[in-house]
Each structure stands twice: as structure tokens, then as C-alpha cells.
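Protein chains: 2
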Amino acid sequence: MLQDGRVEPASGLPHTWLPARAALCDLTLSRITSIGRVDHVAAGAPLYDEGDASEFVYGVVAGMVRTVSIGRDGKRVVRGFYLSGELLGMERARLHASSAEAISDTRVVRCSRSRFDALAASDVQVASELWSWLLRTTQRAEDLSVLGRASAAQKLAYFLIDFACRVSASRRIELPMSRTDIGDFLGLSSETVSRTFTTLRHTGLIATNGRYVTLLDPGALRRMSGNFVNGI
Amino acid sequence: MLQDGRVEPASGLPHTWLPARAALCDLTLSRITSIGRVDHVAAGAPLYDEGDASEFVYGVVAGMVRTVSIGRDGKRVVRGFYLSGELLGMERARLHASSAEAISDTRVVRCSRSRFDALAASDVQVASELWSWLLRTTQRAEDLSVLGRASAAQKLAYFLIDFACRVSASRRIELPMSRTDIGDFLGLSSETVSRTFTTLRHTGLIATNGRYVTLLDPGALRRMSGNFVNGI
DNA sequence: CGCCGAATTGAAGCCAATCAAAGGGAGTGG
DNA sequence: CCACTCCCTTTGATTGGCTTCAATTCGGCG
Numbered sequence: 001m002l003q004d005g006r007v008e009p010a011s012g013l014p015h016t017w018l019p020a021r022a023a024l025c026d027l028t029l030s031r032i033t034s035i036g037r038v039d040h041v042a043a044g045a046p047l048y049d050e051g052d053a054s055e056f057v058y059g060v061v062a063g064m065v066r067t068v069s070i071g072r073d074g075k076r077v078v079r080g081f082y083l084s085g086e087l088l089g090m091e092r093a094r095l096h097a098s099s100a101e102a103i104s105d106t107r108v109v110r111c112s113r114s115r116f117d118a119l120a121a122s123d124v125q126v127a128s129e130l131w132s133w134l135l136r137t138t139q140r141a142e143d144l145s146v147l148g149r150a151s152a153a154q155k156l157a158y159f160l161i162d163f164a165c166r167v168s169a170s171r172r173i174e175l176p177m178s179r180t181d182i183g184d185f186l187g188l189s190s191e192t193v194s195r196t197f198t199t200l201r202h203t204g205l206i207a208t209n210g211r212y213v214t215l216l217d218p219g220a221l222r223r224m225s226g227n228f229v230n231g232i
Numbered sequence: 001m002l003q004d005g006r007v008e009p010a011s012g013l014p015h016t017w018l019p020a021r022a023a024l025c026d027l028t029l030s031r032i033t034s035i036g037r038v039d040h041v042a043a044g045a046p047l048y049d050e051g052d053a054s055e056f057v058y059g060v061v062a063g064m065v066r067t068v069s070i071g072r073d074g075k076r077v078v079r080g081f082y083l084s085g086e087l088l089g090m091e092r093a094r095l096h097a098s099s100a101e102a103i104s105d106t107r108v109v110r111c112s113r114s115r116f117d118a119l120a121a122s123d124v125q126v127a128s129e130l131w132s133w134l135l136r137t138t139q140r141a142e143d144l145s146v147l148g149r150a151s152a153a154q155k156l157a158y159f160l161i162d163f164a165c166r167v168s169a170s171r172r173i174e175l176p177m178s179r180t181d182i183g184d185f186l187g188l189s190s191e192t193v194s195r196t197f198t199t200l201r202h203t204g205l206i207a208t209n210g211r212y213v214t215l216l217d218p219g220a221l222r223r224m225s226g227n228f229v230n231g232i
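So the protein lines, in turn, are chains R and A.
For the first sequence, the residue numbers in the UniProt record's numbering are 1 to 232.
For the second sequence, the residue numbers in the UniProt record's numbering are 1 to 232.
Below, the structure written as C-alpha cells:
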């Protein structure tokens, strides 16, 4: 089931547990850094708002960003979390369909769309990286749509495993976002997220300490999450 | 909210009701037809199976195709429906992550991946069309992941509106797939799909006649579905 | 120390899944 | 042409999981 580009985890864990996701956009990010501007965004502050003209592409250098949209019924939806090394703001629409907010203090590099397009057009390696990124994004979105019919425990297990793979190959991960953020991302109430954390703790699958979570049994979590073909 | 490439419906309906989705891959499909082979697939027969080597790209010329994958827990998931004019089998993985089956008698054109890649590399217009297609696919997948937290009525409303936009701009659409197919696509049981159809019929939003559904109030359905930014 | 927002825990209600059974519709064979 | 069967659809009754409302606890910060 392993796909190309998958690398062994740095910590020496069996790859069936926590395969480290290869940093997606390393090359692109370094190129953007040289032609863009690095900004600091305070925790809670927006990078852009829903409805703003989408003029820039952003790369997360350090910290974490969430994208949020508000449904017509007022329901908040967290579209995604972006960790350091990941890109956002690449949608083709002229207006941003969601707002982007720093979760913790964050450094981002921003690059105008025109420069970005020129880069993608002139650099074959960058274009290839972007193509892979888009395919992965599609597959992750499909994962999430399948995950929509899973139980709360399955959703949270997926979330934890996915996060552990992206942020590091370590079993100990930091979750700077709130329970509400996680719930709005997974389609659960914050209470259910909290309850499910408690259940996972009681069954010995995780340990929690403040905003840190330790995956005590990544294999079980992974199995619980449904062993997606694509992601993870 | 209208995006580029959106066209007015042929039937003269206000575009706020049923905007016809521009055929996505017309050019690509015609090019493929000239370099590929057209096959006939009987209703129920597979184009390919989950786990098969992915050697071909397919375009639906007539009829309809569904892609299906079976979760580790044995749960059936319909990943998507492909109408005439749409492409499938483009994923980059060496193995198909889902099987593809003809729902009704279907004609497809198949084209080897190498020929397809060569076409995409040599024809700028095709490459552009494919890029748009991939972006749309991503956005539809995101729509579906958001739809996962909606009610049964909202899901079905989305399904009907989306289908009406894709198959024609008419209010009368044919649904050749079973209730179970729809349920496995939306994350509902076939019974709930059936019940929800009944509810929509009783509230005067649709009329049904065999496998034909008439959207009596597309505006209400569209509002009910949540007015997604991307799709529809 | 005291405040305030977030997290946790508890209790009740609702929606969809599941189990179960009855009602069509297409195709087959007598 | 009718009877029969099979499968899909529809409808009913019950169960279970998540949401919601509500109350308490925890943790950070002035």
C-alpha cells in the first residue's frame, strides 16, 4: 500500500505505525522564500479573510494556520490545518473561499500569485511538486469525505495519526488548536471531541498532558482510523 | 459567487437555480477518442477492479460509471459517479484505489497512461483543461467532506442539484443508480435515502416517476443543500 | 487571589442506522 | 396472458450515537 515518496520514520518506528510524510513543498517553499516576503502573524490573527481577493500564495515557515469558512447556516467549518512546510492559498478562484488564521504565533512567507505562477511555469521541479501536492490534497479531501461516515473515535484516531505523520515521526505531538477547532474540522461537537479523548485515554491508546498528546498505541489508532489507502 | 467557465442554463432557468456546469473535458475527450479505443461496457460490468494496475485513463462517452471501494470494515463506499463527458482513472498511484463499474450500458474511450501523459505534455490546452478538472475535483471532494456533517435532506438536495447541473440544465433528471448507490455515496443507508425522497416529495420539492426525478423547486433545494461556494 | 475562557463531565433529546416486513416492477417460464 | 420469483424500494419500529443544554472543573493571567 505504500506509495512513492513515502519515507521511513526518523524515529525508527515501524513504518506500519507512523510513516513520516515527506515534506511536501520543500523546494517550492525555498524558492518562494527567495522571491517573497516573510511575515510574522500573531496567534489568532488572520492571514486573509473569506471573500478577500486571493492575491498571494502562502507558505508556513513556523507555527500553524487554520482555514475556516462559515456556512450559510452559520456553522463554522475548519477546512484544514497547515503546518510548517505546507502551502495554502493556491485555489484558482479570485476570492478566498475561506479565511486563514494563525493558531499559534506563526511565520509565513507570502508570494504574489503572478510571481508564483511564473515560478511554477518556469521551474519544472516546482511544477512537479505542486502537481503532487494537489493530487495529495485531493486524496486527503476524499479521505475526509469517507471519514465523514465514521464514528467519533475513528475520526479522532485519523486526526491524531495524520497529525503525527505530518508534524514529526514522534509519538508525542502538540495540538495547539482548541477542541472546538478539532470538532469543526472533523464534524463533531467540542464535547464529543473531549469525551472521545477521555475514552481513548481510558483505553490506554493515548496519554494527554496539557496540549500535548502521546500516542501510546499508534498501530491500534491507525487500525481504528480505517487504514486509508491514500492518506497516512 | 459564479466562477469562470460557468455558463447559463440552456433551458432559460435563472442561473441562481440550475447553473449548467460547463462540460469539463470536452477537448481532452475528443483528443483521447482519436488516440484511444472506444469500448462498450454492459450494465454492472467493471471497467477495472480495485487493486488492478492503473494503465488506462477512461472517458465516459455515453452512459454512467460509478467508482466503488470497500473499506477494511467491509463497508461499501461509492467514491463518485461519472457522467458522459467526464474522465476517470487519472490517479497517479500504480494501482487503482477503487473499482469502476458501469451503472447502465456505457460506452467509454480508454487511452493508455503513456499516451495520455504525452498528450497532456504536448497539448497546452489539454493540460489546462486537466488542471482545471483536478482543481474542481479537489473542490468537490472538499464539498463532500463538509457535506458529511449535514442532514440527510441536505445531502440529498446537494446530490440532486449537483446531478442536475452535470447531466443537463433540465429540471428532469434520470437517476440510473440504486438507492443503495446513492446512500453509499452520501454516507446514508438506502432506507434513509428512500425516506428522504419521500419527505422531499411530500413537501413538494421534487416529483418522482420511476427512476426519473423532477426538481419542482430547485431554488429551495439549492438553499437546503447549503449553497456551497465551490460546487454548483 | 480572583477572573474568564476552555475543557470536562452529566443528562436528555433527536436523527439516522438497523432490524423487520410489506409493496412494486421487470423478467422468466408455464 | 398470467403466475411466480427476485430484487429494489418503501414503510414501520426500535436502538444507538451524537448533539444539545447545563453544570462543574481546570488552567492561564492580571
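Just so it is clear, CB atoms sit at the ideal spot from N, CA and C, and this is done for glycine as well.
Remember, predicted model here, so these are calculated numbers, not experimental data.
Leaving out five residues on either side along the sequence, give the residues of the same chain with a beta carbon under 7 Å from the beta carbon of residue i.
i	result
R115 (chain A)	I35
S104 (chain R)	A43, G63, M64, P176
V61 (chain A)	V38, S84, R107, V108, V109
D181 (chain R)	R66, V78
E55 (chain R)	S112, R113
A53 (chain A)	R94, L95
Is residue i close to chain R? Criterion is C-beta to C-beta, closer than 7 Å.
i	result
L216 (chain A)	no
E174 (chain A)	no
E141 (chain A)	Note on residue identity: the sequence assigns Ala, not Glu, to residue 141 (chain A). It does: the Cβ of A141 (chain A) has a partner Cβ on chain R nearer than 7 Å.
S145 (chain A)	yes
L160 (chain A)	no
G89 (chain A)	no
T180 (chain A)	no
R92 (chain A)	yes
R113 (chain A)	no
G74 (chain A)	no
G193 (chain A)	According to the sequence displayed, residue 193 (chain A) carries Val and not Gly. False, the Cβ-Cβ gap to chain R never drops below 7 Å.
R107 (chain A)	no
V65 (chain A)	no
R37 (chain A)	no
residue 250 (chain A)	Residue 250 (chain A) lies beyond the stretch modelled for chain A, which goes from 1 to 232, so this question has no answer here.
R149 (chain A)	yes
Reducing DSSP to helix, strand and coil, say where residue i ends up.
i	result
S40 (chain R)	Per the sequence presented here, residue 40 (chain R) reads as His, with Ser not at that position. Here H40 (chain R) sits in strand by DSSP.
M224 (chain A)	helix
P218 (chain R)	helix
G80 (chain A)	strand
E174 (chain R)	strand
A157 (chain A)	helix
I70 (chain R)	strand
R211 (chain A)	coil
C25 (chain R)	coil
I206 (chain R)	strand
R195 (chain R)	helix
G231 (chain R)	Note that G231 (chain R) has pLDDT 44, beneath the 50 cutoff, so the model's placement of it is unreliable and the number below is only indicative. G231 (chain R): coil per DSSP, three-state reduction.
L188 (chain A)	coil
G85 (chain R)	coil
G59 (chain A)	strand
A53 (chain R)	strand
Are the C-beta of residue i and some C-beta of chain A separated by less than 7 Å?
i	result
R135 (chain R)	Inspection of the sequence shows that residue 135 (chain R) is occupied by Leu rather than by Arg. Answer yes: the Cβ-Cβ gap between L135 (chain R) and chain A drops below 7 Å somewhere.
G71 (chain R)	yes
T196 (chain R)	no
G51 (chain R)	no
G183 (chain R)	no
V68 (chain R)	no
T138 (chain R)	yes
V57 (chain R)	no
R166 (chain R)	no
V77 (chain R)	yes
G219 (chain R)	no
Among the residues of its own chain, which have a CB less than 6 Å from the CB of residue i, if the five just before and after it don't count?
i	result
F185 (chain A)	V78
A220 (chain R)	L205
Y48 (chain R)	H96, A100
S190 (chain A)	R179, T180, G183
R222 (chain A)	I161
G59 (chain A)	L29, I32, L87, V109
Ignore the nearest five residues each way along the sequence and tell me which others in residue i's own chain have a CB closer than 8 Å to its CB.
i	result
R31 (chain A)	L119, D123, V126
I70 (chain A)	E50, R76, V77
Exercise for the section: Mind the definition here: the segment 103 to 111 of chain A touches the segment 37 to 46 of chain A only if three or more C-beta pairs lie below 8 Å; say whether that holds. Expected result: Cβ pair count under 8 Å is three or more, so yes.
Handout entry: Three CB pairs or more closer than 8 Å across the segment 164 to 176 of chain R and the segment 209 to 216 of chain R
Key = For the pair of segments examined, the segment 164 to 176 of chain R was found to touch the segment 209 to 216 of chain R: the number of CB pairs separated by less than 8 Å reaches three.
Problem - Contact the segment 128 to 142 of chain R vs the segment 97 to 107 of chain R: 3+ CB pairs below 8 Å - result: Too few Cβ pairs lie closer than 8 Å, so no.
Problem - Segment contact flag, the segment 142 to 151 of chain R with the segment 143 to 156 of chain A, C-beta cutoff 8 Å, min 3 pairs - result: By the C-beta criterion, the segment 142 to 151 of chain R is judged to be in contact with the segment 143 to 156 of chain A, since at least 3 inter-stretch pairs fall below 8 Å.
Exercise for the section: Within the segment 90 to 154 of chain A, note down every full alpha helix (DSSP H) run reaching 4 residues or more, in order along the chain. Expected result: The qualifying runs are 113 to 122, 124 to 147.
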